[in-house]
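When we follow the working numbering, the leftmost residue of the sequence shown carries the number 687, and every step to the right adds one.
Everything below concerns the one structure shown next.
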Amino acid sequence: MPGNKQYLSYPFLYEDKKIVDFELLTDEIASYLALAVSFTKDKEFKEELIKITELVYHLNPCVRKNTKLEGFELAWLFNKYEKYTYLTKDRESLFVLPYGTKLASVLHILRTKSKNLVRLLHHINVEGTIIDDSLFDFSNVLANYFFVAAMYANKLDGVEEIPFASRVYK
């Protein structure tokens with residue numbers, strides 16, 4: 687291990703495993719969630735994002751410790767996803783530019799980071815580490831949640847979505 691051990695910022699940084707990348711990505715997602723919270727005016731929405739931050743930190747050691755998230759945690763997040771899907775059903779929702787308020791923009795970043803989390807779980811699984819299905823489910827729902835939460839954040843501030851029409855996928 688290069689460098690002096692007393693200066694190490696994270697004990698697993700020099701491991702040659704994608705598990706470390708998973709843990710760093712969950713930490714990054716939690717940090718972006720904190721940024722999102724700082725842009726959130728709505729008290730209930732803010733508390734919800736804080737709870738999701740905690741769930742992401744609970745997700746962090748699950749691969750290394752071969753544990754899972756609880757079913758009620760996934761159900762809670764999926765319920766929030768369904769809530770915002772309903773509240774934004776009048777908006778353009780299939781393909782939109784990741785645009786809007788500061789909060790919505792951060793939530794769109796979180797959406798892409800969560801998709802990367804799913805891909806990383808897949809790579810770790812392909813390498814031979816058994817991943818509990820709850821981790822895939824939670825990470826996928828997390829990405830979906832951030833999409834509709836971004837649209838909800840825009841709706842709260844009266845910002846319209848900008849639809850995107852692909853030239854390739856028609």
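Ideal Cβ positions, reconstructed from N, Cα and C, are used throughout, including at glycine.
Buried or exposed by the 16-neighbour rule on C-beta atoms within 10 Å, applied to residue i
i	result
residue 825	buried
residue 809	exposed
residue 840	buried
residue 712	buried
residue 690	exposed
residue 790	buried
residue 800	buried
residue 738	buried
residue 850	exposed
residue 734	buried
residue 756	exposed
residue 846	exposed
residue 770	buried
residue 831	buried
Endpoints, the alpha helix (DSSP H) within which residue i is located
i	result
residue 850	Note, residue 850: premise wrong, no alpha helix (DSSP H); not H, not E.
residue 704	704-724
residue 831	819-842
Integer Cβ distance of residue i from residue j, believed to fall under 8 Å
i	j	result
residue 792	residue 722	4 Å
residue 749	residue 821	7 Å
residue 807	residue 698	Not a contact, Cβ separation roughly 17 Å.
residue 752	residue 816	7 Å
residue 812	residue 829	The Cβ separation is near 19 Å, so there is no contact.
residue 818	residue 754	4 Å
Entirely enclosed alpha helix (DSSP H) segments - the stretch 735-814, minimum 4 residues: Within the stretch 735-814, complete alpha helix (DSSP H) segments of at least 4 residues are found at 757-773, 788-812, given in chain order.
Stretch-stretch touch, CB-based, cutoff 8 Å, three pairs: the stretch 759-774 with the stretch 782-802: At 8 Å Cβ cutoff, the stretches do not touch.
Sufficient close CB pairs (3 or more, under 8 Å) joining the stretch 775-785 to the stretch 831-838: Contact holds: three or more Cβ-Cβ distances are below 8 Å.
Any 3 or more C-beta pairs closer than 8 Å across the stretch 713-722 and the stretch 751-761: The stretch 713-722 vs the stretch 751-761: no contact.
contact_flag[the stretch 724-732, the stretch 743-751] where n(CB pairs < 8 Å) is 3 or more: Not touching, per the Cβ criterion.
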